[in-house]
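Scroll down for the structure; my scribbles are underneath it.
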Amino acid sequence: MAEGIGTGNPFSSGGHRWTWGDREGRAKEFVVPGVAGAGRMILTVGPRTGLVEGILKGTGATRALADSGLDTLEGAIQALAESGAASAWEDDQGHTGASLVVVGYAPQGPRQYAPVAGTWNAWQPYRTSVRELDGAL
C-alpha cells in the first residue's frame, strides 16, 4: 500500500508530516513480598491520536480553478471525518495499520495564491486529526 488512507491519499498534493501521540492502555502494578520494587504488567494496549500537518496545493488555468482544486481536496478530507469510517492507512514513514479514523480537518491561516507560467497555484496550510484504533504494540 502506498501512503494514504483507504484507497487514496488526500494529502499528496503538497508537503505534509504525520506525528503520533502515545498509545492509551491499561496496566497493573504489583509488589511481591520479600522483593524490592514493584512490577508492572500491561493488560491492554489501545488507540492513539495523531496529526497530519502540511499544505494542500491546487493548480488551474485560473485562480477560480485553482481554488476549486483546493475545495475538492478539503472536501475529501472533511468527508472522511464526517463518515467516521475506519480505513487502512500508511503514514509518511511507511508505518501501516488496518483501522484509522479521520477526526477533523482545520485550515491553518488564509489561502495563498500565485500565478506561475500561465497557470495559478493555490496553497492552504492545514491540520488534520486522526485516531488509530489498531491497538498494537
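For the sequence shown, the working numbering assigns the number 51 to the initial residue and increments by one for each residue that follows. From the three backbone atoms N, C-alpha and C, an ideal C-beta is built for every residue, glycine too.
Going straight from the alpha carbon of T169 to that of A111, what length do you get? 5 Å
Rounded to a whole number of angstroms, what is the C-alpha to C-alpha distance between F61 and I92? 35 Å
CA nearest to the CA of G1, picked from V180, P175, S179 and L183: This structure cannot speak to residue 1, because the chain is shown only from 51 to 187.
Between which two residues does the alpha helix (DSSP H) holding S118 run? R113 to S133
Helix, strand or coil for G84 per DSSP? In the structure shown, G84 sits in coil (DSSP, three-state: anything other than H, G, I, E or B).
Which stretch, first to last residue, makes up the beta strand (DSSP E) that contains S179? T169 to E182
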